[in-house]
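Undergrad: Chains as they are written, first to last, in my numbering: chain H, 13 to 129; chain L, 116 to 276. In this text, a Cβ means the ideal position worked out from N, Cα and C, and glycines have one as well. Since the model is a prediction, treat every value here as computed from it, not as a measurement.
(1) Would you check if the distance between the CB atom of residue 136 (chain L) and the CB atom of residue 154 (chain L) is smaller than 9 angstroms?
(2) Between residue 202 (chain L) and the rest of its own chain, which residues show a CB-CB distance below 6 angstroms, the 5 nearest in sequence each way excluded?
(3) Note down, in chain order, all residues in the segment 58-88 of chain H with a beta-carbon under 9 angstroms from any beta-carbon belonging to chain L.
(4) Looking only at its own chain, which residues have a Cβ that is under 8 angstroms from the Cβ of residue 210 (chain L), when we skip the five neighbours before and after it?
(5) Classify residue 255 (chain L) as helix, strand or coil using the three-state DSSP reduction.
(6) State the start and end residues of the unbroken alpha helix (DSSP H) segment that holds residue 226 (chain L).
(7) Which residues mark the beginning and the end of the alpha helix (DSSP H) in which residue 186 (chain L) is found?
(8) Below 8 angstroms, can you find three or more Cβ-Cβ pairs linking the segment 61-71 of chain H to the segment 171-180 of chain L?
(9) With DSSP as the reference, label residue 197 (chain L) as helix, strand or coil.
(10) Rounded to the nearest angstrom, what separates residue 262 (chain L) and residue 21 (chain H) at their Cα positions?
(11) Along the chain, where does the alpha helix (DSSP H) containing residue 59 (chain H) start, and where does it finish?
(12) Report yes if the C-beta distance between residue 74 (chain H) and residue 105 (chain H) is below 9 angstroms; otherwise report no.
(13) Report yes or no: do three or more beta-carbon pairs, one from the segment 25-34 of chain H and one from the segment 243-251 of chain L, lie closer than 8 angstroms?
(14) May I ask you to list, following chain order, the residues of the segment 234-260 of chain L that have a beta carbon less than 8 angstroms from some beta carbon of chain H?
(15) Run through DSSP, which three-state label would residue 209 (chain L) get?
(16) Using 10 angstroms around the beta-carbon of residue 147 (chain L), count the other beta-carbons present and answer buried if the total reaches 16, otherwise exposed.
(17) Could you tell me the distance, in whole angstroms, from the CA atom of residue 120 (chain L) to the CA atom of residue 156 (chain L)?
(18) Of the residues L:216, L:230, L:274, which one's Cα is nearest the Cα of residue 254 (chain L)?
(19) Indicate the three-state DSSP secondary structure (helix, strand or coil) for residue 29 (chain H) in the structure shown.
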């Protein structure tokens, strides 16, 4: 076959696509399945985010309560039967007001990260 | 992109897309439709990232071509002899001239390397420009022309009517 006849042969013999009315229906069905999977993934992502926020808030509340307890009861270190722990608490005592700052900073950073995602 | 908008665009392209894959799959309509459906699902999932930098049709064909290549890599065609596969793909009305021509065409296309086959199919069956073909096959335009020329030369040897 020469160049021209091969080109003619190809152009004259485009494959005929068998008519299939179910093709688009099948496409719609698969797209609905994709939507279902997307919905489930979104649901799980929301669930994960809520768990994260609840954990964060719980940590903040517990931290704040403990800080308040330390501030309201300066003699609290006495209840621990550990000199090392008492020493640590005593060292931290003058900085107790500033300890909440990094905690708040972390909370804000996490909040912003979650919002961006 | 909404589901309805996507379906509307797909309806306009489905015949062309199915013919492209049918030729790549050497006439295996069931396989080509499976690949087409897989491509459409992939396209729908990725439709949010379609920025309109190329035509929807070109973008869709690129995804379909990638699906086809994935399928070729997954399935080893050597497992079934060429003659057996080609025989399965002859359209109905086996005794007609058209059937023989299709058989000769598909057998010849089957012997071409993937890039040459894709270039021939896009250029002669889908009337795509070299630029669109380069977009779909993700190769430079010069390479497309090379594959097209090589494919034509090979087909001249392979097709005996």
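TA: A quick look at the data gives this:
(1) As a first step, residue 136 (chain L) must be located in the second chain, where it is residue number 21. As a first step, residue 154 (chain L) must be located in the second chain, where it is residue number 39. Yes, they are a contact pair.
(2) Here residue 202 (chain L) refers to the residue found at position 87 when the second chain is read from its first residue. Residue confidence for residue 202 (chain L) is low, a pLDDT of 44 falling below 50, so the modelled location carries little weight; the figure read from the coordinates is stated next. There are no such residues.
(3) none
(4) The sequence position of residue 210 (chain L) within the second chain is 95, counting from 1. Its pLDDT being 49, under 50, residue 210 (chain L) is placed unreliably by the model, and the measurement read from it follows with that caveat. Taken in chain order, the list of residues that qualify is empty.
(5) The residue you call residue 255 (chain L) lines up with position 140 of the second chain. In the structure shown, residue 255 (chain L) sits in coil (DSSP, three-state: anything other than H, G, I, E or B).
(6) Stepping through the second chain from its first residue, residue 226 (chain L) is reached at position 111. First-last of the alpha helix (DSSP H) with residue 226 (chain L): 212-226.
(7) For this step, residue 186 (chain L) is matched to residue 71 along the second chain. Here the alpha helix (DSSP H) through residue 186 (chain L) covers 171-189.
(8) no
(9) On the second chain, position 82 is the one that residue 197 (chain L) refers to. Low per-residue confidence applies at residue 197 (chain L): pLDDT is 49, beneath 50, and the placement is therefore not dependable, though the value from the model is reported in the following sentence. If DSSP states are grouped into helix, strand and coil, residue 197 (chain L) belongs with the helices.
(10) The count along the second chain starts at 1 and reaches residue 262 (chain L) at position 147. The count along the first chain starts at 1 and reaches residue 21 (chain H) at position 9. Here the C-alpha atom of residue 262 (chain L) lies approximately 18 angstroms from the C-alpha atom of residue 21 (chain H).
(11) Counting from 1 along the first chain, the entry for residue 59 (chain H) is found at position 47. Per DSSP, residue 59 (chain H) belongs to the alpha helix (DSSP H) from 34-84.
(12) For the purposes of this step, residue 74 (chain H) is taken as residue 62 along the first chain, with counting starting at 1. For the purposes of this step, residue 105 (chain H) is taken as residue 93 along the first chain, with counting starting at 1. No; because the gap between Cβ atoms is not below 9 angstroms, this pair is not in contact.
(13) no
(14) 235, 239, 240
(15) On the second chain, position 94 is the one that residue 209 (chain L) refers to. Confidence at residue 209 (chain L) is low in this model, with a pLDDT of 48, below 50, so the placement of that residue should be treated as unreliable; the coordinate-derived value is given next. In this structure, residue 209 (chain L) counts as coil in the three-state DSSP scheme.
(16) Along the second chain, read from residue 1 onward, the residue named residue 147 (chain L) stands at position 32. It counts as buried.
(17) Along the second chain, read from residue 1 onward, the residue named residue 120 (chain L) stands at position 5. Along the second chain, read from residue 1 onward, the residue named residue 156 (chain L) stands at position 41. Roughly 14 angstroms separates the two Cα atoms.
(18) In the second chain, counting from the first residue as 1, residue 254 (chain L) sits at position 139. Proximity to residue 254 (chain L) across L:216, L:230, L:274 peaks at L:230, based on C-alpha coordinates.
(19) Along the first chain, one-based indexing puts residue 29 (chain H) at 17. Three-state result, residue 29 (chain H): coil.
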